[in-house]
Amino acid sequence: MAAPGDVLPEMRAGLELLVAGAAARVDLCSPFLSGGTALWLAAAAAASPAEWTLLTRLDAVSAAGGFLSVPGLRALRDAGVRLLHADRLHAKVFLADGVSGLLGSGNLTASGLGEPTKPNLELGVALDAAQAAVADGVLLGWRAAARPITSSMLDECEKQAKGLRVPAPRLPGGESADDVEAVLAEGLAAKQVWIKALYADAAEADRPWSPGDWIASPAVRRPSFAVGDLLLVYASYARVCNAVIRVVAPTRLDPSFAVAQGTPQDEADRWPWITPVEPVLQVPAADGVPLQRLGLTGQSLQNGHTRMPVGGLAAALRHMRP
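According to the numbering used here, the sequence shown holds residues 13 to 334 in order.
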């Protein structure tokens, strides 16, 4: 545990210890929340004897940009965390029992807390008891003026976010901001954005996608992909998403096609649904986004694919850079 006064370039470990030691109250304050951070906080809250509160800023633009995970907020709510909205919130402070805490520049996101993969450059400080008490008093006033976040508010935020365009990050490998802006615009116009799991290691994930490529899906049911849908590709052995592809023709039941392309018969029978695709954008696997950064787990993809959470494409593209 960080000692009072310690200056911290990363706060994930300190935050884990802080909330684990709380007996009565955990008070979190952060305008941004990533899906992966929400998942581990929700698990901690569910196992904690303390009452948890998150003060945040429920904002559709932040949700559309992938900075605020609405599914993550729902996960926290389901774990018993009280959710509050405050206009103009910018502070990031985390308190346990009003007597210890962390304060800094980083949000409740993987990058903001300084997790190893592509951390932000942030600084925080561990508060002593007197400082924590002062911060607790300030938060008490903010919470009193805040609005409880309801299920309908989460639904409305998600609905608004789905219709918003967001600024494009710059990616490596020659992709310009215009290229990424086009992907985001296409994602907005697409009928659906998905995450599709493929059995691929880093070397296979780096194989360039080409026009005329195809993906296979398990026999259990026909996937709901439609022409024009975008798929963020998750290379399961490499444990990253590093490509966006587009559906160019309807999915068909065609195991013989897979066999003709060199797939063993038993694999073709297990994965008989064929979907023609073409490349949209790709980065090296080394620059790919881990699944947990999107608030998802491998279990989410046990059927081979799942719908992308709102803001997920923007969050993925932002991560897919050096």
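No residue lacks a Cβ here, since even glycine has one placed at the ideal position from N, Cα and C.
- Beta-bridge pairing by DSSP links L80 to L45.
- In terms of Cβ geometry, G324 and G84 do not form a close pair [threshold 8 Å].
- For W206, the enclosing beta strand (DSSP E) covers residues V205 to L210.
- The DSSP assignment places complete beta strand (DSSP E) segments of no fewer than 3 residues inside the segment 89-128 at 94-97, 105-108 and 112-116, in order along the chain.
- When H317, L20, P235 and L70 are compared, the shortest CA-CA separation from A247 is found for H317.
- Measuring C-alpha to C-alpha distances from E134 to each of K104, V146, I161 and W154 identifies K104 as the nearest.
- Per DSSP, the beta-bridge partners of P288 are W226.
- Under DSSP, C253 shares a beta bridge with Y246 and V301.
- Of the residues P276, Y211, R258 and P284, the one whose Cα lies closest to the Cα of S229 is P284.
- In this structure, DSSP gives R330 a helical state, which the three-state scheme calls helix.
- According to the DSSP secondary-structure assignment, D281 is paired through a beta bridge with no residue.
- By the Cβ-count criterion, Q273 is exposed, with fewer than 16 other Cβ atoms from all chains shown falling within 10 Å of its own Cβ.
- Taking C-beta separations shorter than 7 Å and ignoring five residues to either side along the sequence, the partners of Q294 in its chain run P220, W221, N254 and A255, following chain order.
- The segment 16-69 is shown to contain whole beta strand (DSSP E) runs of 3 or more residues at 37-41 and 63-68, in chain order.
- Between the segment 90-107 and the segment 25-41, the count of Cβ pairs shorter than 8 Å is three or higher; the stretches touch.
- When DSSP states are grouped into helix, strand and coil, V259 belongs to the strand group.
- Pairing G175 with A212, the inter-Cα distance amounts to about 33 Å.
- Straight through space, the alpha carbons of D299 and M332 are spaced by roughly 5 Å.
- For V137, the enclosing beta strand (DSSP E) has its first and last residue at G136 to L139.
- Looking at the DSSP output, T318 sits in a beta bridge with I207.
- As DSSP reads the structure, R264 sits in a beta bridge with I286.
- Partner residues in the beta bridge of Q294, as assigned by DSSP, are A255.
- With fewer than 16 other beta carbons inside 10 angstroms of its own, H102 counts as exposed.
- Under the three-state reduction of DSSP, R155 is assigned to helix.
- Here P128 is exposed: its Cβ has fewer than 16 other Cβ atoms, across all protein chains shown, within 10 Å.
- Checking the DSSP bridge columns, you'll see P160 partnered with L96.
- In this structure, DSSP gives D241 a state outside helix and strand, which the three-state scheme calls coil.
- Distance from the Cα of T68 is smallest, within the candidate group G77, A57, V82 and D278, for V82.
- Closest option to L243, judged by alpha-carbon separation, among S268, L210 and R251: L210.
- Of the candidates G48, S42, R89 and W64, the residue whose Cα lies closest to the Cα of D71 is S42.
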